[in-house]
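The structure appears below as structure tokens.
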Amino acid sequence: MPDKRRRSHKIRSGLLRILGVIILLYLLVSISPSNSVRMTIALIGHPKVAMKVTPVHDSDDSSALGANIYTIPVRDAFNGAGISHLSIFEIHTILIFHIATPTYDHLA
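Under the UniProt record's numbering, think of the first position of the sequence shown as 1, with each following residue one higher.
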């Protein structure tokens with residue numbers, strides 16, 4: 001019995017360490033707004049698009065929508081998160097970390 005408990009404790013602590021490393025890496029990547037857009041694209045399920053695009057801050061859309069908006073080129077737009085031709089992301093800031101959320105093109 002004690003061997004099983006010790007083994008399950010080691011497995012559980014190993015999984016918690018791996019989860020902690022993943023969360024730490026996510027937080028480190030999300031310090032930059034453009035990297036948080038890339039991370040969101042990869043998490044939605046398009047890692048190839050995430051590697052090749054360069055998100056750009058769009059000051060016109062940001063002032064029109066009253067939010068911090070980053071865009072990717074329309075040619076790299078993809079379907080995901082219930083939105084077709086996804087190319088606009090709103091950036092939310094918490095302390096020094098950024099979270100990108102896909103958003104509709106309200107101006108179209």
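C-beta atoms are modelled at their ideal positions from N, C-alpha and C, and glycine is treated no differently.
Since the model is a prediction, treat every value here as computed from it, not as a measurement.
Considering only the alpha carbon of each residue, which of the options lies closest to residue i?
i	options	result
I72	A64, S63, T40	T40
H46	H85, I94, I96, V56	H85
V56	N35, L27, L95, I44	N35
F89	Y26, P102, A67	P102
A42	K10, V21, N79, I94	N79
Beta-carbon separation of residue i and residue j under 8 Å?
i	j	result
A100	S87	no
H92	S30	no
State the Cα-Cα distance for the pair residue i and residue j, rounded to the nearest angstrom.
i	j	result
residue 112	S32	The question about residue 112 has no answer here: the residues shown for the chain are numbered 1 through 108.
L15	D61	42 Å
K4	S63	60 Å
Y104	S8	46 Å
I23	K48	22 Å
L27	L65	27 Å
P2	D58	60 Å
G20	A67	31 Å
A50	I96	22 Å
K10	I18	12 Å
Decide if residue i is buried, meaning its Cβ has at least 16 other Cβ atoms within 10 Å, or exposed.
i	result
R12	exposed
R6	exposed
I69	buried
R38	buried
V53	buried
| Which runs of the beta strand (DSSP E), 3 residues or longer, sit entirely within the segment 25-85? | Whole beta strand (DSSP E) segments, 3+ residues: 69-71, 78-80.
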